[in-house]
Amino acid sequence: MSASQDEIPPPPPPPPSSSQTPTQQTPYTISTIKLPILKKGEYDIWVMKMEHYLAYTDYLIWEVIQNENGPVSITTDTQGQIKVLPPRTTEEIVARERERKARTTLLMTLPEDHLAKFHKMTDAKEMWDAIKSRFGGNDESKKIDTKNQR
32 MSASQDEIPP PPPPPPSSSQ TPTQQTPYTI STIKLPILKK GEYDIWVMKM
82 EHYLAYTDYL IWEVIQNENG PVSITTDTQG QIKVLPPRTT EEIVARERER
132 KARTTLLMTL PEDHLAKFHK MTDAKEMWDA IKSRFGGNDE SKKIDTKNQR
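Take any residue in the sequence shown, note its place counting from 1, add 31, and you have its number in the numbering used here.
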């Protein structure tokens with residue numbers, strides 16, 4: 032054996048000391064839970080995963096989807112067109128941000144070929160109900176689908 036084969040590799044560097052300042056430490060933990068993607072025929076499983084995902088990552092977003100976000104200030108212009116007024120209070124700003132986050136989260140879970148159908152919806156609860164209607168079916172249609180698969 033040569034001398035170079037008998038050498039022991041140097042030890043790894045020591046871990047950082049606990050004397051780090053608060054700005055050097057990570058201020059929050061990032062979730063590693065994957066967003067569940069809706070797949071054909073797996074609506075019931077997707078709903079369970081989404082409920083758990085949203086309850087764990089951002090419960091307020093789940094509340095927006097389940098209970099709606101509250102009224103949006105609207106007006107009608109001179110041509111009879113409905114216009115949504117910009118938020119005026121802090122509560123309205125926060126409510127709009129939650130609504131936008133809820134819609135975006137739901138859109139991110141949909142298959143790409145269905146995005147255009149749901150993208151135009153402005154309310155997360157409306158989108159959730161439409162997803163259920165489109166992918167969930169009802170008990171009668173599920174019975175028919177099971178018979179057709181046999």
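Backbone N, C-alpha and C fix where the C-beta goes; we use that ideal spot for every residue, glycine too.
No experiment lies behind these values; they were computed from the predicted model shown.
Take the Cβ of residue i as the centre, count every other Cβ of all protein chains shown within 10 Å, and call the residue buried at 16 or more, exposed below.
i: Leu146; result: exposed
i: Ile162; result: buried
i: Val95; result: buried
i: Met79; result: exposed
i: Ile39; result: exposed
i: Arg134; result: buried
i: Ile92; result: buried
i: Thr57; result: Annotation note: pLDDT 49 at Thr57 (below 50); position unreliable, coordinate value reported separately. Looking at its Cβ environment, which holds fewer than 16 other Cβ atoms inside 10 Å, Thr57 is exposed.
Residue i lies in the alpha helix (DSSP H); which residues open and close that run?
i: Lys80; result: 74 to 88
i: Leu137; result: 121 to 140
i: Leu66; result: Taken as a continuous stretch (DSSP letters only), Leu66 belongs to no alpha helix (DSSP H), as it is neither H nor E.
i: Lys148; result: 146 to 150
What are the boundary residues of the beta strand (DSSP E) that includes residue i?
i: Ile113; result: 113 to 115
Could you give the DSSP three-state label for residue i: helix, strand or coil?
i: Thr177; result: Because Thr177 sits at a pLDDT of 47, beneath the cut-off of 50, its placement in the model cannot be relied upon, and the following sentence gives the value as read from the coordinates. Three-state DSSP puts Thr177 in a helix.
i: Ala155; result: helix
For residue i versus residue j, is the C-beta distance shorter than 8 Å?
i: Leu138; j: His150; result: yes
i: Glu130; j: Asn100; result: yes
i: Tyr87; j: Pro67; result: no
i: Thr106; j: Leu116; result: yes
Mind reading off the beta-carbon distance from residue i to residue j? Whole number of angstroms is fine, and I expect it under 8 Å.
i: Thr69; j: Thr121; result: Reading off the sequence shown, one finds Leu at residue 69, where the question assumed Thr. Not a contact, Cβ separation roughly 34 Å.
i: Gly167; j: Tyr74; result: 5 Å
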